[in-house]
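Engineer:
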Amino acid sequence: MNRREFITTGGALIVSFSLPAFGQKLPGALDKEPMLDAWLRVGTEGITVFTGKAELGQGIKTALLQIAAEQLAVPMSSITLVTADTARTPNEGYTAGSNSMKDSGTAILHAAAQARELLIAQAAKQWGVAPDQVSAQAGEVRGPEGKRASYGALVQGDLLHVRAQPQSALGKARTVMGKAVQRVDIPAKVTGGAAYVHDLRLPDMLHARVVRPPSYGARLAALEAEPVSSMAGVVKIVRDGSFLAVVAAREWTAVQAMRALRSGAKWEEKAKLPRDIYATLPQLGSQDTVIAGADTTPPPSGRVIEAEYRRPYQIHGSIGPACAVARYENNSLTVWTHSQGVYPLRGALAELMAMPPERIHCVHMEGAGCYGHNAADDVAADAALIARQVPGKPVRVQWMREDEHAWEPFGPAMLGKVRAALDASGNVNSLQYDVWSNTHSSRPGKAGELAAAWSLAKPFEPSPPRPIPQPEGGGDRNAIPLYKFPSRVTHHFIPEMPLRVSALRALGAYTNVFAIESFMDELALAAKADPVEFRLRQIDDPRARDVIRLAAERFGWDKYQKQNGRGRGFAFARYKNLAAYCALAMEVNVEREAGDMRVLRVVAAVDSGEAVNPDGIRNQIEGGILQSVSWSSFEAVMYNDTRITSRDWGTYPILRFSHVPQSLEVHVIDRPGQPFLGTGEAAQGPAAGALANALAHATGVRVRELPFSPRRLRAVLSA
Amino acid sequence: MAKLDVNGRMHEVHADEGTPLLYVLREELALNAAKFGCGLGQCGACTVLADGEAIFSCITPISVVQGRKIRTVEGLGTAEKPGPMQQAFIEAQAAQCGYCIPGMMMRTQALLERKPGASEADIRAALQPHLCRCGTHMRIVRAAVRAAELMRGKS
Amino acid sequence: MAVALAVLTGFGGCASHERLEPIQQPPSFSREAVAKGAELAHLGNCMGCHTAEGGKAYAGGTPIKTPFGTIYGTNITPDRDTGIGGWSQDAFARAMREGVDRDGRHLYPAFPYDHFTKLTDEDIAALYAFVMTREPVRQENPANRVPIPRAFIGVWKSRYLERGTYQPVAGRSAEWNRGAYLVQGLAHCGACHTPRNAMGAERKEAAFAGGEAEGWHAPALNSASPSPVPWTVDALHEYLRHGMADLHAMSAGPMAEVVRDLSQVAEADVHAIATYVVSLDTRNDAERKRVREAALARAQASKAVQGNVTYDGSCAECHNRGRAEEGGALELPLGTALTIPTPRNLAYIIRDGIVPPDGERGAWMPAFAGALTDEQLTDLLIYLRALSGQPAWPNVAAEVRQISRGH
């Protein structure tokens, strides 16, 4: 049953229409969904909180429960949290951009506080006492003379069906917010509980695999399907144009049948992939926008230093390939998916399947970490198309590792050019930064963003890409330095995409912070200044200064003794210049002959505003650092003239335990009462910058092209 | 029809003998912990134990492990009564998405059963076949070290 | 006895064994010389013997097992006390050409100076420039455990060391001669690929007829090549450069390291090596063609055979597809590991897989250690050998047991 039906039958909440109030912008996602009961339901059966965000492994379920529990003054275990479901929860778009705490967290913070106040007021009214004589704790309301009432008993009529108001008096107690509460999802994950969409088992469920084309735009020219359709256990072969899949009763049968089907398929390939992407990028047409310093910044003059930085295509590389389950029945479609955006996905599927969106129900279930727009939406589309061919039966589709490596949307290759001049005191007097990049978002939206749609007999075309505007930015995310010197920054947005690209965690911030923070060290060297001191004297933001000083101090920056083959590096950024502040220092060891670089230790300092779950913050920063060390040390998509050739972990190596640091510390600066700041993508850029700077310190050689692979290091260090 | 000894119980399974163990565990026995990561023996997400040896269940057909004692994470304890390995991973909050964790746990279990005094360096070396994309490595190592303590009976 | 004493006291006309004075500091070297030396060091795979597992580059400490005991690779970094920092170029050249160290002591021929003696002066100078500009590492290495006195090596040299720079062979192309120079000299292929006599010297009359390295069999490269499809220059070039050739093999074990080194060497030199090595197989074109076609037919025929439960479940999925198919692997009847005299190479590959080093790209064969019991592995090896059409290996079970114990 959908949300509206539920509301009419539940004890408390009646559908009615509310006029929006004028003027006031509501906090967080309340602005888009202002009705309180869209976020909370309180009844005799308990408390349910709804969020349009999804658990991606970042701990959001736990953090939101902490917020709700604190504000409602109830134990966490008494709340049921419902995440991203087109039938039940608010539409919060995508769980992306590190916005969940800012948007959903803030909404739930205020909504839960308001609900508590409404319950207190209701009890006061019933008991005929002043509200200040009534308090809420442990799931009940207490008044004078031992009066008590449970929340469930108090909720009558449409008590919570009201418009949200921003709460000026949020609960000040911090019995559960601000504490390193254990993640609610971990116990199931370590004891074999069903935790992922991959674990969903429905009665009569069938298994399917898709035979993906060998390259972009390939056409299925001939197919020898007979041997496969007569294989034992094969239920159906699905073909629509060049979209080809096989359905079987058992999963292994589906895999074997898919391989047999592929060997009977002949493709006409037409893709032409660029030989040298860094030469190609500036030659593709671009829309150029000056995003900072257009009028005010003089060009660098005098002693000018310049450098070009390069970042290749990189993959999300989820350890668990994308998976979805779909059931098509009576012109309705249900899809269980780990998509980051169930509502946008529903819209895209509606277009793909030529069905009204109201007949499609998308429910989020966890996948493996996605790190941005990976293949989650694509596999949902595969499952939907296949499910329609076997109506009434749920169909589970999981991608093969090789297909995920080749077909997922990549983090785009980027070029960054920096020029700056130092004044007589060794400070930057003017900086110019140019960044070339494709779009960093090709999320559905529309059917044309789904891989299956390109292969259909009546294919959908991808939508024209658009840049994500500042202040969030896409390729230009964090392209504007936070430092106080004047900067003129130009974003060269390139619409033409030689390879499929979309959002990879941190988006352009990874490359831009790598470039800018590497360059800051190159400038510091020219100014004969200590890298930390050089940054501090050119940044005023006190919270930035705090993380920089904390990281440097805990690392022992001033006491560092350089040894042969070892070096230290520092970097800082404020994610999007709006979200969490992160500074970090690291030490590396480089074996020149082998080109082997290992991070020995890392010390990070982070300020995420009020820290709802400090351990969650540490976990995200640790993870972001190691992910960035992996990208920066090893990763680049490989391709030939036609096809992607990096198809598995052998041809696309990533970090293994041998290259994990001996120690990694994260120091969290808690700012109670301050807005929550997105943290999940704050470390990737600074980690790359610090690594580049440590490498330069260790070897005396500045490397400006990612990744710092053993092969590249051997080449540059022996020259 | 094959017989498999999984977590101390005998099961009759219907899959072909050439079916990789992973599919039988997940599909026929409805065990969730062992996961498909690559099907190529490169990532370790499918790791289970056979007679105490850590194996990639994605490339090991059931024909090869008949007659051996197979153990998965489900055999290490339950959510209500977690075993020492599970306790250690919960204590250390050693997971982000958690997809790779069962494989890590089983490899560590094999190591610690063979070498109860394994050092942190031993643990890091043993986990080399395993990939984690979320960057949870530090906590995984801490959890493994803690599991060793718990298994040796310290508290 | 007297004869033995005479022999031991240096009969054999060796060159001077005098101690050479240490230099105070190394000369300066041009960038070109160092760069050239770097390439030569890769060709010679110096790291292989002079860098311990996980150890600092060129600092030695690598145990090298020989039938006469274990020898440890020396520290050839320019550290004055523990390395060769005090060595003049003459001292270096003498070691390379004659196997004598700066103090005048004989070096054990595990150091293949019987090959390096062929190097030109320019190449030795470049190698010297290279080693003397490496990071000096202070590292004392374990003492050799070889119960043969160094003096005896003088005798060995008198019989087995043919000094002298490589002399080009008239009538052969420049590329062939370049390949011969590299193979016979710096790349010292024969050190592994030629059988040795009881004195541990290469049997010149059986050059490239097969040998061993670190427990692995090094196949014959001459007409006795066990490769089911005879190597062509293109295929061998592909293999040496990228570690894999479609109808042949994937480099594994010690050869994987050699291939990694060769990937950092001029392409033309790798091609020259391939040219020379293929010429060692003197079978005529008709014979090579016949052998090739028979091998391909055998591979085709065995694809359809489902003969072994372990093979079918563990191997067939990838190996029956053939390399041309996505995710496919070598059709095993084409693999040298099945046709060589010992099952060892194949057993190592199945047990440990073939995995690129950390952070390097490459094809990947998974490891089946732990998955297969000794009996299952024995069974599988016997089955695979039968696929090759060669007579059965003797004592497979015993070999597997030995390997299980880590030998």
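Protein chains in written order, with this note's numbering: chain A, 1253 to 1971; chain B, 12 to 166; chain C, 13 to 419.
The C-beta atom is built at its ideal place from N, Cα and C for all residues, glycine as well.
Computed from a predicted model, the values in this text were never measured in an experiment.
Pull up the DSSP beta-bridge partners for methionine 21/B, would you.
Structural biologist: DSSP output for methionine 21/B lists Asp16/B as bridge partner(s).
Engineer: Quick check: glutamate 1774/A and alanine 1559/A, are their CB atoms within less than 8 Å of each other?
Structural biologist: Closer than 8 Å, so yes.
Engineer: Can you pull the chain C residues whose beta carbon is under 7 Å from the beta carbon of valine 75/B, in chain order?
Structural biologist: Correct list: Thr322, Gly325, Ser326, Ala383, Leu384, Gln388.
Engineer: Beta carbon of leucine 1317/A, beta carbon of valine 1436/A: below 8 Å?
Structural biologist: The answer is yes: Cβ separation under 8 Å.
Engineer: Strictly under 8 Å for the Cβ-Cβ distance: is lysine 46/B near chain A by that measure?
Structural biologist: With 8 Å as the cut-off, lysine 46/B counts as an interface residue toward chain A.
Engineer: With 8 Å as the C-beta to C-beta threshold (strictly closer), list the residues of the segment 1817 to 1848 of chain A near chain C in chain order.
Structural biologist: Hits within the stretch, in order: Gly1817, Glu1843, Arg1844, Glu1845, Ala1846, Asp1848.
Engineer: Check the Cβ of isoleucine 1906/A against every Cβ in chain B and list those closer than 8 Å, keeping chain order.
Structural biologist: Result: Leu142, Arg144.
Engineer: How about methionine 12/B: is its C-beta nearer than 8 Å to some C-beta of chain A?
Structural biologist: It does not; no Cβ of chain A falls within 8 Å.
Engineer: Closer than 7 Å by C-beta to threonine 89/C: which residues in its own chain qualify, once you throw out the five before and the five after it? Chain order, please.
Structural biologist: Answer for threonine 89/C: Tyr70, Ala71, Gly95, Arg146, Glu147, Pro148, Val149, listed in chain order.
Engineer: Can you tell me the Cα-Cα spacing of arginine 1844/A and arginine 1850/A, whole angstroms?
Structural biologist: Their backbone Cα atoms lie some 11 Å apart in a straight line.
Engineer: For glutamine 120/B, go through chain C and note every residue whose CB falls closer than 8 Å to its CB, in chain order.
Structural biologist: Residues of chain C passing the Cβ test: none, with the nearest at roughly 13 Å.
Engineer: Put leucine 131/B into one of helix, strand or coil per three-state DSSP.
Structural biologist: Before going on, a small fix: residue 131/B reads as glutamate here, not leucine. Here glutamate 131/B sits in helix by DSSP.
Engineer: Using a cut-off of 7 Å between C-beta atoms, extract the partners of leucine 51/B located in chain C.
Structural biologist: Correct list: Trp376, Pro378.
Engineer: Please state the DSSP three-state secondary structure of asparagine 1690/A.
Structural biologist: Here asparagine 1690/A sits in coil by DSSP.
Engineer: Per the DSSP calculation, threonine 1586/A is bridged to which residue(s)?
Structural biologist: Per DSSP, Arg1579/A, His1613/A.
Engineer: Let me confirm a value: asparagine 417/C is counted as buried when at least 16 other C-beta atoms fall within 10 Å, else exposed. Which label applies?
Structural biologist: Checking the sequence shown, residue 417/C turns out to be arginine, not asparagine. Exposed, by the Cβ-count rule.
Engineer: Name, please, each residue of chain B whose Cβ falls closer than 8 Å to the Cβ of glycine 255/C.
Structural biologist: The premise fails here: glycine 255/C is roughly 17 Å from chain B at the closest Cβ pair, so nothing lies under 8 Å.
Engineer: Determine, for arginine 79/B, whether the minimum Cβ-Cβ distance to residues of chain A falls below 8 Å.
Structural biologist: No, its Cβ sits nowhere closer than 8 Å to a Cβ of chain A.
Engineer: Contact criterion: CB-CB distance below 8 Å. Does valine 59/B meet it with respect to chain A?
Structural biologist: Chain A contact via Cβ: absent.
Engineer: Would you report the Cα separation of aspartate 93/C and isoleucine 76/C, rounded to the nearest angstrom?
Structural biologist: The alpha-carbon atoms of aspartate 93/C and isoleucine 76/C are separated by roughly 23 Å.
Engineer: Residues in its own chain within less than 6 Å of methionine 1890/A by CB, not counting five upstream and five downstream?
Structural biologist: Thr1897, Ser1898.
Engineer: Throw me the rounded Cβ distance for the glutamine 53/B and tryptophan 1901/A pair, which I believe falls under 8 Å.
Structural biologist: About 4 Å; that satisfies the 8 Å criterion.
Engineer: Spell out whether any CB of chain B is found under 8 Å from the CB atom of glutamate 1503/A.
Structural biologist: It does: the Cβ of glutamate 1503/A has a partner Cβ on chain B nearer than 8 Å.
Engineer: Can you pull the DSSP bridge partners for methionine 1666/A?
Structural biologist: Methionine 1666/A is bridged to Arg1563/A.
Engineer: Is the CB of glycine 365/C under 8 Å away from at least one CB in chain B?
Structural biologist: For glycine 365/C, the answer is yes, since a Cβ of chain B falls inside 8 Å of its Cβ.
Engineer: Does any C-beta atom of chain C lie closer than 8 Å to the C-beta of valine 1955/A?
Structural biologist: No, valine 1955/A lies away from the interface with chain C (no Cβ there is under 8 Å from its Cβ).
Engineer: Taking the CB atoms as reference points, tell me whether alanine 1497/A and arginine 1461/A lie closer together than 8 Å.
Structural biologist: The answer is yes: Cβ separation under 8 Å.
Engineer: Is it right to say glutamine 1684/A is buried, meaning 16 or more other beta carbons lie within 10 angstroms of its own, or is it exposed?
Structural biologist: Burial call: buried.
Engineer: Would a check of beta-carbon distances place glutamate 1476/A closer than 8 Å to chain C?
Structural biologist: Chain C contact via Cβ: absent.
Engineer: With a threshold of 8 Å between beta-carbons, can arginine 1611/A be considered close to chain C, or not?
Structural biologist: No, because no Cβ of chain C sits closer than 8 Å to the Cβ of arginine 1611/A.
Engineer: Can you tell me which of the three DSSP states glutamate 152/C falls into?
Structural biologist: Glutamate 152/C falls in the coil class under three-state DSSP.
Engineer: Would you tell me roughly how many angstroms separate the C-alpha atoms of alanine 1315/A and glutamine 1650/A, rounded to the nearest one?
Structural biologist: Computed Cα separation, rounded: 30 Å.
Engineer: Within the 8 Å Cβ cut-off, does alanine 129/B reach chain C?
Structural biologist: Chain C contact via Cβ: absent.
Engineer: Quick check on DSSP: helix, strand or coil for cysteine 1834/A?
Structural biologist: Cysteine 1834/A: strand per DSSP, three-state reduction.
Engineer: Closer than 8 Å, CB to CB, is glutamate 23/B near chain A or not?
Structural biologist: Output row for glutamate 23/B: interface = no.
Engineer: By the DSSP assignment, the beta strand (DSSP E) with serine 1915/A in it spans what residues?
Structural biologist: Segment 1915 to 1921, the beta strand (DSSP E) holding serine 1915/A.
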